[in-house]
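A.B. asks:
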Amino acid sequence: MLKMSSIKQVMMVPRPVSSRVQAAAVSIGEQLVVWRKLHGLTAAQVAERAGISRGTLRRVEVGDAGVSLQAFLSVARALGVLESVVTALDPYETDLGRARADEILPRRVRH
Numbered sequence: 057m058l059k060m061s062s063i064k065q066v067m068m069v070p071r072p073v074s075s076r077v078q079a080a081a082v083s084i085g086e087q088l089v090v091w092r093k094l095h096g097l098t099a100a101q102v103a104e105r106a107g108i109s110r111g112t113l114r115r116v117e118v119g120d121a122g123v124s125l126q127a128f129l130s131v132a133r134a135l136g137v138l139e140s141v142v143t144a145l146d147p148y149e150t151d152l153g154r155a156r157a158d159e160i161l162p163r164r165v166r167h
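Next up, the structure:
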């Protein structure tokens, strides 16, 4: 029988990150660094505005795929690109999303 501490250790084993996810995380991190520099902000300023530690910002900027979604979104907000991130994921902003919504979603659910 497993002890509770053993169960916690088993549950905390991180899953491997796919190479595509890791590459996307690195690319996003690099893009956030460019946004920070375009705004003329230091890492310390962005971390403070985002309400995260400098270390967490570093993890976002180097593409650590294990960083929290909250940290990523907070950095995007601090850099003024949060709305662009949200819009980029909006299915209604794509031809496919609009076409499929007309086919499968009732009228009252659509935008």
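As numbered in the working numbering, residues 57 to 167 make up the sequence shown, in order.
Glycine residues also receive a C-beta, built at the ideal position from the N, C-alpha and C atoms.
Determine the direct distance from the alpha carbon of Leu97 to that of Leu113, and round the result to whole angstroms.
C.D. replies: Roughly 13 Å separates the two Cα atoms.
A.B. asks: Just verifying my parser: in three-state terms, what is the DSSP assignment at Ala127?
C.D. replies: DSSP places Ala127 in helix when its eight states are reduced to three.
A.B. asks: If you count every other CB in all the chains shown that lies within 10 Å of the CB of Leu94, and 16 or more means buried, which is it?
C.D. replies: Exposed, by the Cβ-count rule.
A.B. asks: Label Arg76 either buried or exposed according to how many other C-beta atoms from any shown protein chain fall within 10 Å of its C-beta, with 16 as the threshold for buried.
C.D. replies: Exposed, since its Cβ has fewer than 16 Cβ neighbours within 10 Å.
A.B. asks: Taking Arg105 as the reference, give the member of Gly122, Gly153, Val131 and Asp151 with the closest Cα.
C.D. replies: Comparing Cα-Cα distances from Arg105 to each of Gly122, Gly153, Val131 and Asp151, the minimum goes to Val131.
A.B. asks: Would you kindly check if the distance between the Cβ of Arg110 and the Cβ of Ala103 is under 8 Å?
C.D. replies: Cβ atoms of Ala103 and Arg110: closer than 8 Å.
A.B. asks: In whole angstroms, what separates the C-alpha of Leu129 from that of Ile160?
C.D. replies: So the two alpha carbons sit approximately 30 Å from each other.
A.B. asks: Span of the alpha helix (DSSP H) holding Asp158?
C.D. replies: Element bounds for Asp158: Asp151 to Ile160.
A.B. asks: Would you grab the beta carbon distance between Ser73 and Ala144 for me? Rounded to a whole angstrom, and I think it's under 8 Å.
C.D. replies: Here the sequence assigns Val to residue 73, which means Ser is not the residue at that position. Actually they do not touch by this definition, with Cβ atoms about 21 Å apart.
A.B. asks: How is Pro7 classed by DSSP in three states: helix, strand or coil?
C.D. replies: This structure does not reach residue 7, given that the chain is present from 57 up to 167, and the question cannot be answered.
A.B. asks: How should Ala100 be labelled, buried or exposed, when 16 other C-beta atoms within 10 angstroms of its C-beta is the threshold for buried?
C.D. replies: With fewer than 16 other Cβ atoms within 10 Å, it is exposed.
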